[in-house]
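Protein chains: 2
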Amino acid sequence: MSEHTPDSRRAFLTGGLVGAAGGIVTASAAGVLRRRAGGSGLLDGKGRRRVLWRLASSFPRTLDGIYGVAEVLSERVSAMSDGAFEIRCHQAGELVPAAQVMDAVQQGSAEIGQSAGYYYTGKNPSLAFDTCIPFGLTARQQTAWLEQAGGRELLRRVYADFGIRNYSCGNTGAQMGGWFREQVQSAADLKGLRMRIPGLGGKVMDRLGVSVQNLAAGDIYPALERGAIDATEWVGPYDDEKLGFYEIAKNYYYPGWWEPGPSLSFMVSQAAFDALPADYRAILEAGIAQAAATMMQRYDRENPRALRRLLDRGVKLRRFDDDVLRRAREASRALVDDEAAVDPAYRAIRDHWRDFAAESTAWLGKNELAYASFAWA
Amino acid sequence: MSEHTPDSRRAFLTGGLVGAAGGIVTASAAGVLRRRAGGSGLLDGKGRRRVLWRLASSFPRTLDGIYGVAEVLSERVSAMSDGAFEIRCHQAGELVPAAQVMDAVQQGSAEIGQSAGYYYTGKNPSLAFDTCIPFGLTARQQTAWLEQAGGRELLRRVYADFGIRNYSCGNTGAQMGGWFREQVQSAADLKGLRMRIPGLGGKVMDRLGVSVQNLAAGDIYPALERGAIDATEWVGPYDDEKLGFYEIAKNYYYPGWWEPGPSLSFMVSQAAFDALPADYRAILEAGIAQAAATMMQRYDRENPRALRRLLDRGVKLRRFDDDVLRRAREASRALVDDEAAVDPAYRAIRDHWRDFAAESTAWLGKNELAYASFAWA
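Those sequence lines, one after another, are chains A and B. Under numbering that gives the first Met the number 0, the first residue of the first sequence carries the number 0, and numbering increases by one thereafter. Under numbering that gives the first Met the number 0, the first residue of the second sequence carries the number 0, and numbering increases by one thereafter.
The structure is reproduced here in structure tokens:
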């Protein structure tokens with residue numbers, strides 16, 4: 000789903016202007032407040048420190064499964080602080096363009112960003128591990144690796160170079176393999192296929208002979224309709240349904256092996272975090288955890304319903320052939336190996352991540368998989 | 000793993016005494032405080048309301064994957080409130096016996112309990128749906144059903160009869176099928192087998208001809224050692240390893256179909272909750288969400304490592320035969336059907352739960368399962 004905000008192209012064009020507007024003095028219900036990173040400013044009527052943070056999201060409000068998590072964070076932090084700690088959410092393009100959220104946090108024009116590490120592999124290729132890698136970890140694995148196995152510490156060091164403290168803002172679960180006008184019956188059918196697929200998935204597809212296209216969300220449907228592309232990926236049933244691809248391309252492929260368990264991120268300005276009183280830091284972190292948990296819960300509620308509606312409209316659910324999956328996995332590993340060969344820091348994270356994957360799979364691949372294979376058959 | 004506190008038997012014997020001790024006036028660093036449900040008592044130096052809650056757990060400290068979640072809650076709530084809202088954790092048997100946690104919250108001798116709904120099916124059979132049902136939902140499904148699909152609301156009504164407001168305190172993921180001295184090669188091998196397995200899993204096993212035993216944790220190892228039982232279940236690699244069953248029974252079966260995704264519970268006194276100021280309610284709920292998220296993350300980190308150690312010690316990992324699984328599923332459904340036939344409230348929840356399971360499985364059983372089946376093979 001990388002770089003998928005419907006208006007990201009337009010947002011890029013107006014970015015300078017909106018970015019400037021983000022610096023204006025803002026008013027709150029409690030009166031006009033000086034905005035300052037970490038908010039060492041006014042006190043409220045109960046003697047609580049007033050803090051006002053700006054949240055810049057890479058996602059549009061219409062992607063409510065993701066953007067909604069930022070709103071949950073804002074609402075919960077406000078409730079926990081009796082309204083004294085306020086986080087104002089801005090969808091993609093409002094404060095800064097979708098692809099410049101990390102920059103905005105780095106530069107202090109937003110105290111917190113909602114984005115995805117893998118959008119910023121140009122800054123540091125290791126940031127891909129913060130989100131997902133093709134043929135990498137499932138949602139449970141990615142979460143355990145980040146939160147308990149040391150992944151978070153490794154990535155904190157990467158983000159620290161940008162003055163950022165990273166958290167998970169939730170996981171979507173495995174995304175879908177996308178919409179194809181024609182069936183993909185073998186790896187040969189991928190050659191020359193014109194597919195909209197950005198990011199690392201696109202790089203793997205390129206190695207498989209796909210003619211990779213990178214289109215912003217709003218441009219996909221028209222391109223598919225006029226035959227400029229043969230296929231596109233997006234997120235999963237709930238989000239895909241809204242963009243209407245099923246009206247044109249009826250073959251809906253799974254699994255979305257390039258995003259098997261993407262973890263999105265809250266990127267917090269370390270300086271703003273350090274300036275918070277200790278109780279507000281704890282409130283922020285609990286609010287983040289509470290908000291992050293809602294992402295998969297909502298997708299796990301909404302995707303099944305959306306899938307049923309799509310099937311009712313004649314969509315054909317198709318599984319990628321094993322040969323396609325094998326070649327794609329081989330290409331994915333080669334891509335990661337190539338990067339590891341030239342970037343020792345990347346290689347160190349890759350090795351840690353790969354060791355965890357192997358050990359985790361030896362457990363989940365037995366017990367959980369045996370249960371699911373039987374119970375869901 | 001039902002009714003599995005190592006000292007639950009002893010705790011029952013001393014319960015009256017410990018229960019009485021739970022009512023004493025407690026002292027805190029800030030001075031002696033009157034304990035009162037909802038804590039409308041003293042203010043701290045910053046003018047914050049001091050609240051002191053007692054948490055009674057059904058779990059012993061040694062089950063740190065579960066009990067540790069209560070400690071996370073306590074620590075986080077304290078951090079968010081600058082120490083003003085204090086939750087003191089008591090392991091099983093300290094305040095009340097393991098099996099009387101729900102009663103303690105109902106009666107007001109603890110403001111919050113950590114337990115599992117399915118321990119209390121004697122109070123209301125529907126409480127099983129709060130935790131898990133044999134051949135029921137996986138962790139992701141159970142969580143989505145509870146938090147987004149309406150399961151929480153249905154169970155809140157059940158708990159309301161006991162003055163309790165329930166929350167998830169986390170999910171362990173699929174548990175294991177347990178330790179068997181001899182291999183189970185077919186359903187016939189289950190007939191007459193003496194197995195320690197409490198709860199609904201035990202009821203299903205009984206229907207399959209197993210001689211079901213109910214032993215407290217501390218009694219299992221000796222019974223297995225002297226041949227009084229042929230098999231036992233517990234939790235999963237991380238917890239099972241500590242009890243040493245692998246020294247005697249080498250066949251470690253999966254999947255643990257009677258607990259495919261058990262969700263444990265925080266049971267909060269509704270009266271105590273209502274007496275909290277609004278910000279403390281929000282702090283409590285965020286702390287619960289943050290603490291609950293750690294359970295699966297920790298198990299997903301520790302179970303793989305424990306499994307590796309067990310395999311290194313010669314444990315044989317074995318999958319239950321399809322015929323065993325099919326018969327067990329049939330018996331599980333019959334058990335639920337029997338209850339639904341005599342209890343309309345149970346039937347209403349069962350129907351809601353079953354509809355969700357079907358829809359959810361049509362999604363996860365395609366995309367997630369296809370990915371895991373390929374990537375983990």
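Backbone N, C-alpha and C define an ideal beta-carbon position, used for all residues, glycine too. Source: prediction; values computed, not measured.
Any beta carbon of chain A sitting closer than 9 Å to that of residue i?
{"i": "TRP256 of chain B", "result": "yes"}
{"i": "ASP336 of chain B", "result": "no"}
{"i": "PRO236 of chain B", "result": "yes"}
{"i": "THR142 of chain B", "result": "yes"}
{"i": "MET204 of chain B", "result": "no"}
{"i": "ALA29 of chain B", "result": "Confidence at ALA29 of chain B is low in this model, with a pLDDT of 32, below 50, so the placement of that residue is unreliable and no value is reported for it."}
{"i": "SER359 of chain B", "result": "yes"}
{"i": "ASP342 of chain B", "result": "no"}
{"i": "GLN113 of chain B", "result": "no"}
{"i": "ALA369 of chain B", "result": "yes"}
{"i": "SER372 of chain B", "result": "yes"}
{"i": "THR137 of chain B", "result": "yes"}
{"i": "PRO5 of chain B", "result": "The predicted model places PRO5 of chain B with a pLDDT of 38, which falls under 50 and marks its position as unreliable; any figure quoted below should be read in that light. Judged by the 9 Å Cβ criterion, PRO5 of chain B is not in contact with chain A."}
Let me make sure I understand the geometry here. Which of the options has the alpha-carbon closest to that of residue i?
{"i": "GLN113 of chain A", "options": "A:ASP350, A:ARG53 and A:GLN147", "result": "A:ARG53"}
{"i": "THR293 of chain A", "options": "A:GLU329, A:SER262 and A:GLN106", "result": "A:SER262"}
{"i": "LEU126 of chain B", "options": "B:GLN141, B:ALA55 and B:TYR158", "result": "B:TYR158"}
{"i": "TYR118 of chain A", "options": "A:CYS131, A:GLU110, A:ILE111 and A:SER108", "result": "A:CYS131"}
{"i": "ILE111 of chain A", "options": "A:PHE272, A:ALA369 and A:LYS365", "result": "A:PHE272"}
{"i": "CYS98 of chain A", "options": "A:ARG280, A:PHE58, A:GLY217 and A:LEU199", "result": "Correcting the residue identity first, residue 98 of chain A is Ala in this sequence and not Cys. With distances taken between Cα atoms, ALA98 of chain A lies closest to A:PHE58."}
{"i": "SER268 of chain A", "options": "A:GLN212, A:ASP160 and A:LEU214", "result": "A:ASP160"}
{"i": "ALA215 of chain A", "options": "A:LYS202, A:GLU224 and A:TRP233", "result": "A:TRP233"}
{"i": "ASP129 of chain B", "options": "B:GLN106, B:ARG156 and B:SER108", "result": "B:ARG156"}
{"i": "ALA274 of chain A", "options": "A:ALA55, A:ASN302 and A:VAL50", "result": "A:VAL50"}
{"i": "GLY346 of chain B", "options": "B:SER210, B:PRO124, B:SER108 and B:GLY92", "result": "It is worth fixing the name first, because residue 346 of chain B is Arg in this sequence and not Gly. Checked all of B:SER210, B:PRO124, B:SER108 and B:GLY92; the closest Cα to ARG346 of chain B is B:PRO124."}
{"i": "GLY169 of chain B", "options": "B:PRO236, B:ILE348, B:LYS202 and B:GLY67", "result": "B:GLY67"}
{"i": "ALA91 of chain B", "options": "B:MET101, B:ALA83 and B:PHE84", "result": "B:MET101"}
{"i": "TYR279 of chain A", "options": "A:VAL76, A:TYR220, A:GLU93 and A:VAL71", "result": "A:VAL76"}
{"i": "PRO303 of chain A", "options": "B:ARG206, B:ASP354 and B:GLU152", "result": "B:ASP354"}
{"i": "ARG225 of chain B", "options": "B:GLY243, B:ILE247, B:GLY235 and B:VAL209", "result": "B:ILE247"}
{"i": "GLY243 of chain B", "options": "B:SER185, B:VAL314 and B:PHE265", "result": "B:VAL314"}
Tell me the rounded alpha-carbon separation between residue i and residue j.
{"i": "ALA69 of chain A", "j": "ALA277 of chain A", "result": "22 Å"}
{"i": "GLU337 of chain B", "j": "TRP352 of chain B", "result": "It is worth fixing the name first, because residue 337 of chain B is Asp in this sequence and not Glu. Cα to Cα, ASP337 of chain B sits roughly 16 Å from TRP352 of chain B."}
{"i": "ALA369 of chain B", "j": "TYR253 of chain A", "result": "8 Å"}
{"i": "GLN147 of chain B", "j": "ARG297 of chain A", "result": "6 Å"}
{"i": "TRP362 of chain A", "j": "ALA374 of chain A", "result": "18 Å"}
{"i": "GLU358 of chain A", "j": "GLY177 of chain B", "result": "21 Å"}
{"i": "CYS88 of chain B", "j": "MET79 of chain B", "result": "17 Å"}
{"i": "ILE228 of chain B", "j": "GLY260 of chain A", "result": "42 Å"}
{"i": "ASP81 of chain B", "j": "GLN289 of chain A", "result": "19 Å"}
{"i": "MET204 of chain B", "j": "ALA222 of chain B", "result": "19 Å"}
{"i": "ASP311 of chain B", "j": "LEU42 of chain B", "result": "56 Å"}
{"i": "GLU74 of chain B", "j": "ARG332 of chain A", "result": "42 Å"}
{"i": "ARG60 of chain A", "j": "TYR166 of chain B", "result": "29 Å"}
{"i": "LEU316 of chain B", "j": "TRP257 of chain A", "result": "31 Å"}
{"i": "ALA356 of chain B", "j": "ALA371 of chain B", "result": "19 Å"}
{"i": "ILE287 of chain A", "j": "LEU72 of chain A", "result": "6 Å"}
{"i": "LEU62 of chain A", "j": "PHE84 of chain A", "result": "25 Å"}
{"i": "SER56 of chain B", "j": "ARG307 of chain B", "result": "30 Å"}
{"i": "THR142 of chain B", "j": "ARG300 of chain A", "result": "10 Å"}
{"i": "GLY64 of chain A", "j": "ILE196 of chain B", "result": "40 Å"}
{"i": "ALA344 of chain B", "j": "GLY149 of chain B", "result": "15 Å"}
{"i": "LYS122 of chain A", "j": "LYS202 of chain A", "result": "17 Å"}
{"i": "THR120 of chain A", "j": "GLN174 of chain A", "result": "20 Å"}
{"i": "PHE265 of chain A", "j": "VAL335 of chain B", "result": "43 Å"}
Do we get a CB-CB distance below 9 Å when we pair residue i with the residues of chain B?
{"i": "ASN366 of chain A", "result": "yes"}
{"i": "MET79 of chain A", "result": "yes"}
{"i": "GLY198 of chain A", "result": "no"}
{"i": "ASP299 of chain A", "result": "yes"}
{"i": "ALA230 of chain A", "result": "no"}
{"i": "ARG353 of chain A", "result": "no"}
Relative to chain B, which residues along the region 37 to 67 of chain A have a C-beta separation below 8 Å, given in chain order? Residues are counted here when their Cβ sits less than 8 Å from a Cβ of chain B; for the region 37 to 67 of chain A these are LYS45 and GLY46, given in chain order.
Taking a Cβ distance cut-off of 7 Å, strictly less, list which residues of the region 176 to 193 of chain A are near chain B, in chain order. Those would be none; no residue qualifies.
Return the residues of the region 312 to 337 of chain A that lie within a Cβ-Cβ distance of less than 9 Å from chain B, sorted by chain order. So the list reads LEU316, ARG318, PHE319, ASP321, LEU324, ARG325 and ARG328, given in the order they occur along the chain.
Closer than 9 Å, Cβ to any Cβ of chain A: which residues of the region 265 to 295 of chain B, in chain order? Listed by position, the residues of the region 265 to 295 of chain B near chain A (Cβ gap below 9 Å) are PRO276, ALA277, ASP278, TYR279, ARG280, ALA281, ILE282, GLU284, ALA285, GLY286, ILE287, ALA288, GLN289, ALA290, ALA291, ALA292, THR293 and MET295.
If we count Cβ pairs, one from each stretch, closer than 8 Å, do we get three or more for the region 176 to 196 of chain B versus the region 136 to 146 of chain B? The region 176 to 196 of chain B is not in contact with the region 136 to 146 of chain B.
Could you run through the region 85 to 116 of chain B and flag, in chain order, every residue whose CB is less than 9 Å away from some CB of chain A? Those would be none; no residue qualifies.
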